[in-house]
Amino acid sequence: HTFTIAAVPADGVGTEVVTAGRAVLDALAAASGGAFAFDWTEFPWGCGYYERTGRMMDDDGLDALKGFDAIYFGAVGWPSVPDHISLWGLRLRICQNFDQWANVRPVHFHPGITSPLRKADDTPLDWVVVRENSEGEYAGLGGRNLSGRGPGNEVALQTALFTEKGCERIARFAFELARGRERKKVSSVTKSNAQQYGMVLWDETLSRVARDYPDVETESVLVDAMSAKFVLRPEDLSVVVASNLHADILSDLGSALAGSLGLAASANLNPERRFPSMFEPVHGSAPDIAGRGLANPIGAIGSAALMLDHFGLSAEAGRVRAAIEATTAAGVLTPDVGGKAKTGDVVASIIDQLSS
Ligand code: NAI
Ligand code: MG
Numbered sequence: 007h008t009f010t011i012a013a014v015p016a017d018g019v020g021t022e023v024v025t026a027g028r029a030v031l032d033a034l035a036a037a038s039g040g041a042f043a044f045d046w047t048e049f050p051w052g053c054g055y056y057e058r059t060g061r062m063m064d065d066d067g068l069d070a071l072k073g074f075d076a077i078y079f080g081a082v083g084w085p086s087v088p089d090h091i092s093l094w095g096l097r098l099r100i101c102q103n104f105d106q107w108a109n110v111r112p113v114h115f116h117p118g119i120t121s122p123l124r125k126a127d128d129t130p131l132d133w134v135v136v137r138e139n140s141e142g143e144y145a146g147l148g149g150r151n152l153s154g155r156g157p158g159n160e161v162a163l164q165t166a167l168f169t170e171k172g173c174e175r176i177a178r179f180a181f182e183l184a185r186g187r188e189r190k191k192v193s194s195v196t197k198s199n200a201q202q203y204g205m206v207l208w209d210e211t212l213s214r215v216a217r218d219y220p221d222v223e224t225e226s227v228l229v230d231a232m233s234a235k236f237v238l239r240p241e242d243l244s245v246v247v248a249s250n251l252h253a254d255i256l257s258d259l260g261s262a263l264a265g266s267l268g269l270a271a272s273a274n275l276n277p278e279r280r281f282p283s284m285f286e287p288v289h290g291s292a293p294d295i296a297g298r299g300l301a302n303p304i305g306a307i308g309s310a311a312l313m314l315d316h317f318g319l320s321a322e323a324g325r326v327r328a329a330i331e332a333t334t335a336a337g338v339l340t341p342d343v344g345g346k347a348k349t350g351d352v353v354a355s356i357i358d359q360l361s362s
């Protein structure tokens, strides 16, 4: 079988880590003896494209993407373009139009990488953040200049949107995911003591859905307490489900606790498979290190493994993860995790481990 993949490297280290992930997948396909192949189409969109054309992506770009089996994304954003324009013009446009409402972000700890959390007794830590990816605080609702009273008196409104259907589907997704894990537990995150409408709807909907999953333990935790819990009691976590903004922040915290933002993988899923899903590292374009071969490719390669899972190639996804672990265990590490290796060294080691 040939899987068609749209590659959108976009900006900064996005281009470096997408190249890395493609090399790993191509090596995997080459070793499969023709069992499967990947057919890549690369799209030149991003901030450079914006400077040339005034658009972050082609007007008919969504049509161009629609037929692919998946989208493999790098990172969008560059100092020459305001971030809200680049993010909304490309990444959020794809996520929202393709109804990729579930964003899965595993917090994974790698051997050989020092974590500020690693406990003396070496308790294994492994949890996953499920992010509501279609509404909440990133619904794009609100406006500027609402006071009508001129300079110095501007009023802006940024409204979060919570629908019962949106809350219900992400809750069910989280419970289904928890059911498949060793630790069957869902921790739901809100700030429903201070935000009394949408977040209370979230809480109530989650409690209702929880009744269908008596085999899964449930807890409801306020977001401030959850950020403390990530640091102090991470062994209590399995599936953490949260709104768009809260999960965005918590997943960066999780990846930093695992050692680096460069390690974290993610999948933006359209679970109904009406549209392609999109796989991307959690990190951004990292302008401070871009273009120097310093980017950690593990987040992007882990995202490629999530894409293999999505294609039903779970054994191959497992092989990629094992090759990543063998590489970190062997101390082939980029500077963000304390090593001296270049992006290409890590990729070469992972490909090497794949065939051993
Ligand atoms: P960032 O994730 O790009 O960088 C934060 C820090 O992490 C930097 O010190 C960077 O060097 C480091 N880092 C990130 N990825 C790394 C990797 N693969 N290897 C080693 N170190 C890595 O976040 P920042 O600086 O806030 O944003 C930069 C740009 O990226 C902005 O334009 C922002 O809007 C955009 N962005 C895009 C995202 C996306 O496309 N999904 C997500 C987050 C930010
Ligand atoms: Mg983020």
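According to UniProt numbering, the residues represented by the sequence shown are 7 to 362, in order.
For every residue, glycine included, the Cβ atom is placed at its ideal position computed from N, Cα and C.
### Query
the ligand NAI heavy atoms versus the CB of Leu93: any closer than 7 Å?
Taking the first residue of the sequence shown as position 1, residue 93 is located at position 87. Taking 7 Å as the cut-off, the C-beta of Leu93 counts as close to a heavy atom of the ligand NAI.
### Message
To test your reading of the DSSP string, which unbroken alpha helix (DSSP H) runs of 4 or more residues are found completely within the stretch 96 to 179?
### Response
Counting whole runs of 4 or more residues, the stretch 96 to 179 contains the alpha helix (DSSP H) stretches 98 to 103.
### Query
Is it buried or exposed for Thr120, if we count other Cβ within 10 angstroms and need 16 for buried?
Here residue 120 refers to the residue found at position 114 when the sequence shown is read from its first residue. When all chains shown are included, Thr120 counts as exposed.
### Task
Could you please give the first and the last residue of the uninterrupted beta strand (DSSP E) stretch that includes Asp209?
Position 203 of the sequence shown, counted from the first residue, corresponds to residue 209. It is not in any beta strand (DSSP E) - Asp209 instead sits in the alpha helix (DSSP H) that spans 204 to 216.
### Query
Which partner residues does Ile11 have in the DSSP bridge list?
Position 5 of the sequence shown, counting from 1, holds the residue named residue 11. Answer is Trp46, Ala76.
### Message
If contacts are defined as beta-carbon pairs under 8 Å, then Asp17 and Val82 qualify, I think. What distance do you get, rounded to the angstrom?
### Response
Position 11 of the sequence shown, counting from 1, holds the residue named residue 17. Position 76 of the sequence shown, counting from 1, holds the residue named residue 82. The pair is a contact, with the Cβ atoms about 6 Å apart (cut-off 8 Å).
### Query
What is the rounded straight-line gap between the Cα of Ala41 and the Cα of Ala321?
For the purposes of this step, residue 41 is identified with residue 35 of the sequence shown, where counting begins at 1. For the purposes of this step, residue 321 is identified with residue 315 of the sequence shown, where counting begins at 1. Answer to the nearest angstrom: the Cα atoms are 13 Å apart.
### Query
Taking just the CA atoms, how far does Arg111 sit from Lys235?
For the purposes of this step, residue 235 is taken as residue 229 along the sequence shown, with counting starting at 1. For the purposes of this step, residue 111 is taken as residue 105 along the sequence shown, with counting starting at 1. Between the alpha carbons of Lys235 and Arg111 lies a distance of about 17 Å.
### Message
According to DSSP, simplified to helix, strand and coil, what is Ala33?
### Response
In the sequence shown, residue 33 corresponds to position 27, counting from 1. In the three-state reduction of the DSSP assignment, Ala33 falls in the helix class.
### Query
CA-CA distance, Thr25 and Ala311?
Translated into the one-based positions of the sequence shown, residue 25 becomes position 19. Translated into the one-based positions of the sequence shown, residue 311 becomes position 305. Approximately 15 Å between the Cα atoms of the pair.
### Task
Answer yes if the stretch 48 to 57 comes into contact with the stretch 264 to 283, meaning at least three C-beta pairs across the two stretches below 8 Å, and no otherwise.
Taking 8 Å as the limit for Cβ pairs, the verdict is that the stretch 48 to 57 does not touch the stretch 264 to 283.
### Residues of its chain near Ala323, where Cβ-Cβ distance is below 6 Å and the 5 sequence neighbours each way are ignored
Translated into positions along the sequence shown, residue 323 becomes position 317. Sequence-distant Cβ neighbours of Ala323 in its own chain, meaning closer than 6 Å and more than five residues away, are Ala311, Leu314, Asp315.
### Query
What is the C-beta distance between Gly146 and Ala162, in whole angstroms, given that I count them as a contact (C-beta under 8 Å)?
If you number the sequence shown from 1, residue 146 lands on position 140. If you number the sequence shown from 1, residue 162 lands on position 156. That pair is no contact at about 13 Å.
### Query
In whole angstroms, what is the alpha-carbon distance linking Glu22 and Pro220?
Start at 1 with the first residue of the sequence shown, and residue 22 comes out as number 16. Start at 1 with the first residue of the sequence shown, and residue 220 comes out as number 214. Cα to Cα, Glu22 sits roughly 45 Å from Pro220.
### Task
Buried or exposed for Ala248, please, with buried defined as at least 16 other CB atoms from any protein chain shown within 10 angstroms of its CB.
Here residue 248 is taken as the residue at index 242 of the sequence shown, counted from 1. Buried, by the Cβ-count rule.
### Query
Of all the options Lys72, Ala271, Asp258, Ala180, which has the alpha carbon lying nearest to the alpha carbon of Val136?
In the sequence shown, residue 136 corresponds to position 130, counting from 1. When each option's Cα is compared against that of Val136, the closest is Ala180.
### Message
Applying the 10 Å Cβ sphere with the 16-neighbour rule, what's the burial state of Gly186?
### Response
Position 180 of the sequence shown, counting from 1, holds the residue named residue 186. With fewer than 16 other Cβ atoms within 10 Å, it is exposed.
### Task
Could you work out which residue in Gly39, Ile77, Glu182, Ala332 is closest to Pro15 when comparing CA atoms only?
Position 9 of the sequence shown, counted from the first residue, corresponds to residue 15. Closest option to Pro15, Cα to Cα, is Ile77.
### Sequence-distant residues of the same chain with beta carbon closer than 7 Å to Leu259, five excluded per side
Position 253 of the sequence shown, counted from the start, is the residue given in the question as residue 259. Taken in chain order, the residues that qualify are Ser233, Phe236.
### Message
Taking 7 Å as the cut-off, is the beta-carbon of Ala301 closer than that to any non-hydrogen atom of the ligand NAI?
### Response
Reading the sequence shown from its first residue, position 295 is the one you call residue 301. Yes - the ligand NAI has a heavy atom lying nearer than 7 Å to the Cβ of Ala301.
### Spatial distance of Ala292 from Ala108 (CA atoms)
Counting from one through the sequence shown, the residue named residue 292 turns up at place 286. Counting from one through the sequence shown, the residue named residue 108 turns up at place 102. Between Ala292 and Ala108, the C-alpha separation is close to 25 Å.
### Task
Decide if Tyr203 is buried, meaning its Cβ has at least 16 other Cβ atoms within 10 Å, or exposed.
What you label residue 203 is simply residue 197 of the sequence shown in a count that begins at 1. By the Cβ neighbour-count rule, Tyr203 is exposed, with fewer than 16 other Cβ atoms within 10 Å of its own.
### Task
Consider the C-beta atom of Leu275 and the heavy atoms of the ligand NAI; say whether any pair is separated by less than 7 Å.
For the purposes of this step, residue 275 is taken as residue 269 along the sequence shown, with counting starting at 1. A distance criterion of 7 Å places the beta-carbon of Leu275 beyond contact range of the ligand NAI, judged by its closest non-hydrogen atom.
### Query
With distances taken between CB atoms, is the gap from Leu183 to Val229 smaller than 8 Å?
Working through the sequence shown from its first residue, we reach residue 183 at position 177. Working through the sequence shown from its first residue, we reach residue 229 at position 223. Against a cut-off of 8 Å, the Cβ pair of Val229 and Leu183 comes out as no contact.
### Query
Roughly how many angstroms separate the alpha carbons of Leu123 and Val195, rounded to a whole number?
By one-based count along the sequence shown, residue 123 stands at place 117. By one-based count along the sequence shown, residue 195 stands at place 189. Each residue's alpha carbon lies about 21 Å from the other.
### Query
Which word fits Asp66, buried or exposed, when buried means at least 16 other C-beta atoms lie within 10 angstroms of its C-beta?
Within the sequence shown, residue 66 is the residue found at index 60, counting from 1. When all chains shown are included, Asp66 counts as exposed.
### Task
Taking all protein chains shown into account, decide if Ala244 is buried (16 or more other Cβ within 10 angstroms of its Cβ) or exposed.
Here residue 244 refers to the residue found at position 238 when the sequence shown is read from its first residue. The residue you asked about is not Ala; residue 244 is Ser in the sequence shown. Looking at its Cβ environment, which holds 16 or more other Cβ atoms inside 10 Å, Ser244 is buried.
### Outcome for Lys346 when other beta-carbon atoms lying within 10 angstroms are tallied against a minimum of 16
Position 340 of the sequence shown, counted from the start, is the residue given in the question as residue 346. Burial is judged here by how many other beta carbons sit within 10 angstroms of a residue's own beta carbon; Lys346 has fewer than 16 and is exposed.
### Message
Please tell me whether, using a cut-off of 7 Å, the distance from the CB of Gly308 to the nearest non-hydrogen atom of the ligand NAI is below it.
### Response
Your numbering for residue 308 matches position 302 in the sequence shown. Outside the cutoff, so no.
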